[in-house]
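Residue numbers (our numbering), protein chains in the order written: chain A, 682 to 1133; chain B, 237 to 403.
No residue lacks a Cβ here, since even glycine has one placed at the ideal position from N, Cα and C.
Report on the following structure.
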Amino acid sequence: MNPTPLALFAVTFAALLAGYPVALTLAGVALIFAFVGTLTGAFNPTDLGFAAGRLFGIVTNQTLIAVPLFVFMGVLLEKTRIAEDLLANLSNLLGRYRGGLAITVIIVGMLMAASTGIVGATVVTMGLMSLPIMLQRGYPPSLATGTICATGTLGQIIPPSIALVLLGDVLSNGYQQAQLNMGIFAPKSISVGDLFAGAIIPGLCLVGLYLGYILLRVLISPQSMPPAERSDKVDLMPVVGALAPPLLLIVAVLGSILGGFATPTEAAGVGAFGALLLGLAYGRLNREILAEVGSSTLSTTGMVFFILVGASIFSLVFRGYGGEEMVHALFQQMPGGMWGALGIVMLVIFLLGFILDFIEITFVVVPIVGPVLMAMGVDPIWLGILIAVNLQTSFLTPPFGFALFYLRGVAPAQVATTDIYRGVMPFIGLQLLLLGALLIWPSLATWLPAQL
Amino acid sequence: MILLNAFTALGRCIDRLIRPLGWLALAMVLITFAIVVLRYALNTGSLLMQESVMYLHGAFFLLAIALGISDDSHVRVDILYSRRPPQQQRLIDLAGHLLFLLPVSAFVVWISLPYAINSWRILEGSSEVGGIPGVFLLKSLIPLTGALMFLQGLAGIAKLIKSEESS
């Protein structure tokens, strides 16, 4: 077997750990390999000739236009502090009950996850807003931090999520390719909408599991989740008033995609416009906020697309060295056929999740292993949801999980890092439970898309 | 020293030109919304509008990449990096700029310049009837981005050398 693709992967991985920006490390190491290979005759430089067309393909890709629009919507909802209102109002209502605050955090986190779709942003915002209140209320630090971290990672799986837009785009290309390789010339296709539909049931299951766990703990140790002391009468109206608009927005965006009324890109545009109206209605929209939202959208979009550009150059070189054939051969030799290959891919993605973000794994790893797995009979939507849940678990797992770092950054010093580690354990268990259920019953992910 | 100052000044200049592009996001939102409204309320579609979103998006994300380099907003694997002393971080950045950033941006210019020039030669228009007749402009954005990245790389190197001297 040709060892160069493996060497390319290993060297890139080592170089990434140095800490230079990921996109440039991916492309840079690959170009060095290509350069040396061209000199020694091991690499055919015409393989790089496709690069310009590839880059232009990113520019003209209609689906990816949804990314800046969804980012705009999320940042706007964050900067106009609509989520904060929601948390304040809902915790007024539910805080009177034992465990009510934790449940509030999960529900608001789910809504924030749906609207922003960015793990870091959700964990940081929830950590800043709700961790102090929970600690002050007497929740054990481990329970408080575990709930916040776990809820923050929901941004991956609850649609409409940017991660699923990117994954959907990559998987649909891979699916076409897998079928063409198998000699099917009228290939079936999957869309970002299919992946959104596939994520709904598993996402809601996960939220249900989190809520169930909190209720169970309230039953077992009621004193760990004390209610608010003052129990003044609470009006229902402000709660409904704060809850309804963002909820409507999310339902409208998702509904229009799933109902086939709008493409994800159009729905993202409409959602962002709705967020503008919300900001206007709350009287929080002004020139400064809009400028901030614009510049924040600019830098987040640049970050996402740069990784796509870097990964495209990397994968051209990886393919040029016969990497695809290598992966194919590797999977063929794997004991257990499709299940063996799927298992090893899931393990690799879980481990990569410790150092790489969702975006990087989607652009670097999925295009390499996706087509091969799909050619072996793995359903593309099922694969996408498995990857999403798997990465979500990985982001939560100590000591390297991303969500833990984000929360550590905003948690007060009185919270020990070991508290955070202990706190996320039960939630990791719940996510593994869901992952297992998805493996046993693929229809959890594939049933809903088939109905639409 | 004069050269270093010139590089950093040029980098700042590029930043100042790109940063206002954040407003394009708002424009994309409004146009996309208008497209949907036109389709459902008035039952018409405009290819010009649809392609204009694509042009805005292309300019938006490509130039954002160049801006991200000087803003240092591109993702790093910072498990080890963030714990290193500043001097080592600067060394890693310097090596990265020289080994990765400059070659990668030169590569982007090298592969996409002929691609864009060919498009200019025929003043390539939209592949669809009634689209914006400016594909050559859209393609030119790619070498432009590569060139701006290269200049930002030089500015970054100049900045690192200057901060090394002053520390």
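Is the beta carbon of residue i sitting closer than 8 Å to the one on residue j?
i: phenylalanine 372 of chain B; j: alanine 352 of chain B; result: yes
i: alanine 764 of chain A; j: valine 265 of chain B; result: no
i: aspartate 728 of chain A; j: glycine 1001 of chain A; result: yes
i: alanine 261 of chain B; j: leucine 979 of chain A; result: yes
i: phenylalanine 1039 of chain A; j: alanine 844 of chain A; result: yes
i: leucine 299 of chain B; j: isoleucine 254 of chain B; result: yes
i: alanine 1056 of chain A; j: asparagine 742 of chain A; result: no
i: isoleucine 829 of chain A; j: serine 811 of chain A; result: yes
i: alanine 696 of chain A; j: threonine 706 of chain A; result: yes
i: isoleucine 787 of chain A; j: valine 934 of chain A; result: no
i: valine 818 of chain A; j: proline 907 of chain A; result: The question names valine, but residue 818 of chain A in the sequence shown is arginine. Yes; because the gap between Cβ atoms is below 8 Å, this pair is in contact.
i: valine 974 of chain A; j: phenylalanine 753 of chain A; result: yes
i: threonine 803 of chain A; j: methionine 793 of chain A; result: yes
i: leucine 1129 of chain A; j: isoleucine 839 of chain A; result: no
i: phenylalanine 724 of chain A; j: glycine 730 of chain A; result: no
i: methionine 1027 of chain A; j: valine 1059 of chain A; result: no
i: leucine 939 of chain A; j: glycine 874 of chain A; result: yes
i: phenylalanine 1031 of chain A; j: threonine 982 of chain A; result: no
i: leucine 335 of chain B; j: phenylalanine 296 of chain B; result: no
i: lysine 375 of chain B; j: serine 403 of chain B; result: no
i: alanine 783 of chain A; j: alanine 1069 of chain A; result: no
i: leucine 848 of chain A; j: threonine 1043 of chain A; result: yes
i: leucine 757 of chain A; j: valine 998 of chain A; result: no
i: threonine 244 of chain B; j: isoleucine 301 of chain B; result: no
Keeping to the same chain, check which residues put their C-beta closer than 8 Å to that of residue i; ignore five residues upstream and five downstream.
i: isoleucine 739 of chain A; result: Leu745, Phe986, Leu989, Val990, Ser993
i: proline 1107 of chain A; result: Gly827, Tyr894
i: cysteine 886 of chain A; result: Leu1115, Ala1118, Leu1125
i: alanine 270 of chain B; result: Met285
i: glycine 367 of chain B; result: Leu283, Leu284, Glu287, Gly361
i: threonine 693 of chain A; result: Thr706, Leu707, Val710, Ala711, Phe995
Return the first residue and the last residue of the alpha helix (DSSP H) that residue i is part of.
i: aspartate 916 of chain A; result: Taken as a continuous stretch (DSSP letters only), aspartate 916 of chain A belongs to no alpha helix (DSSP H), as it is neither H nor E.
i: glutamine 1095 of chain A; result: Premise fails: glutamine 1095 of chain A is in no alpha helix (DSSP H) and is neither H nor E.
i: threonine 744 of chain A; result: Segment: none, threonine 744 of chain A is in no alpha helix (DSSP H) and carries neither H nor E.
i: isoleucine 378 of chain B; result: 371-402
i: tryptophan 346 of chain B; result: 338-357
i: glycine 952 of chain A; result: 945-962
i: glutamine 286 of chain B; result: 283-307
i: threonine 706 of chain A; result: 703-721
i: valine 1008 of chain A; result: 1004-1014
i: isoleucine 838 of chain A; result: Neither: isoleucine 838 of chain A is in no alpha helix (DSSP H) and is coded neither H nor E.
i: phenylalanine 987 of chain A; result: 968-1001
i: proline 1061 of chain A; result: 1061-1077
i: methionine 1027 of chain A; result: 1018-1033
i: arginine 275 of chain B; result: Unbroken run through arginine 275 of chain B: none, as it is neither H nor E.
i: alanine 867 of chain A; result: Note, alanine 867 of chain A: premise wrong, no alpha helix (DSSP H); not H, not E.
i: serine 1124 of chain A; result: 1124-1132
i: asparagine 773 of chain A; result: 763-775
i: phenylalanine 1081 of chain A; result: Neither: phenylalanine 1081 of chain A is in no alpha helix (DSSP H) and is coded neither H nor E.
i: glycine 247 of chain B; result: 238-254
i: proline 1048 of chain A; result: 1047-1056
i: alanine 909 of chain A; result: Premise fails: alanine 909 of chain A is in no alpha helix (DSSP H) and is neither H nor E.
i: isoleucine 315 of chain B; result: 314-317
i: valine 365 of chain B; result: No alpha helix (DSSP H) holds valine 365 of chain B; DSSP gives it neither H nor E.
Heavy atom of the ligand SAH less than 7 Å from the Cβ of residue i, yes or no?
i: leucine 396 of chain B; result: As far as ligands go, the structure on display features none, and thus does not contain the ligand SAH.
Kindly list the residues whose CB is nearer than 6 Å to the CB of residue i, restricted to its own chain and excluding five residues on each side of it in sequence; keep chain order.
i: leucine 767 of chain A; result: Val789, Ala923
i: threonine 785 of chain A; result: Leu771, Ser772, Leu775
i: valine 1105 of chain A; result: Gly827, Cys830, Leu1077
i: glycine 884 of chain A; result: Ile838, Ile839
i: isoleucine 378 of chain B; result: Ser348
i: arginine 735 of chain A; result: Ser993
i: leucine 890 of chain A; result: Leu1111
i: alanine 949 of chain A; result: Ala747, Leu750, Phe751
Going by beta carbon distance, what residues of the same chain come within less than 7 Å of residue i, once the five residues before and after it are set aside?
i: arginine 1103 of chain A; result: Ser823
i: isoleucine 1025 of chain A; result: Met1015
i: alanine 1084 of chain A; result: Val800, Val804, Cys830, Gly833, Thr834, Phe1076, Leu1077
i: proline 1061 of chain A; result: Leu852, Tyr856, Ile871, Met1055
i: threonine 1098 of chain A; result: Arg1089
i: aspartate 1100 of chain A; result: Pro822, Ser823, Thr826
i: leucine 303 of chain B; result: Asp251, Ile254, Arg255
i: valine 899 of chain A; result: Arg779, Gly780, Met906
Counting only beta-carbon separations shorter than 8 Å, does residue i have a partner in chain C?
i: leucine 262 of chain B; result: In the structure shown, chain C does not exist; the protein chains are A and B.
Quiz item: Can we say the stretch 238-258 of chain B touches the stretch 867-882 of chain A, given the rule of at least three CB pairs closer than 8 Å?
Solution: no
Self-check item: the stretch 956-970 of chain A touching the stretch 274-292 of chain B, judged by at least three CB pairs closer than 8 Å
Solution: no
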